[in-house]
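Some notes on the structure that comes next.
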Amino acid sequence: MRTPRQAARIVILSPTGSVFLFRETHSKNGIHWVPPGGGIDPGETPEDCVVRELREETGWTDLAPQRLLCTWEHDFVHMGRRVRQHEHIYLTTGPQRPPATDTPQADWHWLEPDRLATLGEPVWPPKLSELLAVPADRGPVDLGLVR
1 MRTPRQAARI VILSPTGSVF LFRETHSKNG IHWVPPGGGI DPGETPEDCV VRELREETGW
61 TDLAPQRLLC TWEHDFVHMG RRVRQHEHIY LTTGPQRPPA TDTPQADWHW LEPDRLATLG
121 EPVWPPKLSE LLAVPADRGP VDLGLVR
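Here the UniProt record's numbering is used: position 85 in the sequence shown is 85, and no number is missing along the way.
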């Protein structure tokens, strides 16, 4: 049985179309690329979560979610527990710059969307480059449970 967990992330696009991602390495989950974000705290909205996580992980306080890009679920190990995480993925635009924290996550990159499919390592959410091409008026995409 997996513990349900709610999370939110924010995809940041630069004026030139690059995407800001962290390359994370976990002993149980392997290497994967993710936008800033994390677990939603009790009483917190997904939008509030991405603003808080963005501040904690990058030091940036001048960005806010512009629209919900997609939702999806996946199973993984979080802090020793098997969880099924439901993620809200938001989109925003911002300047291409380095994190402004004293202790940013170690491995961050601005990547061109067409490069995401050729990294050779999983990108969360899956098919991010395709999601970025979906017109805003089509609304958020629900990817469902991705295994």
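Where is the CB? At the ideal position from N, CA and C, for every residue including glycine.
When the beta-carbon positions are compared, S129 and D107 stay at least 8 Å from each other. Boundaries of the alpha helix (DSSP H) around R55: P46 to T58.
Three or more Cβ pairs closer than 8 Å define a contact, and the segment 89-97 meets that threshold against the segment 8-28. Measuring C-alpha to C-alpha distances from L13 to each of D41, L111, P122 and D75 identifies L111 as the nearest. Here V123 has W33 and L116 as same chain residues with Cβ atoms under 6 Å from its own Cβ, once five neighbours each way along the sequence are excluded.
In the DSSP assignment, E121 falls outside any beta strand (DSSP E), carrying neither H nor E. Judged by DSSP secondary structure, E130 falls outside any beta strand (DSSP E) and instead within the alpha helix (DSSP H) spanning L128 to L132. DSSP places G39 inside the beta strand (DSSP E), whose first and last residues are G37 to G39.
Relative to T25, the option among P126, H78, A100 and L143 whose CA is nearest is H78.
Contact between I40 and A7 holds, with the beta-carbon distance rounding to 6 Å and staying under 8 Å. Nearest to G144 by C-alpha distance, out of R84, E73 and E121, is E73.
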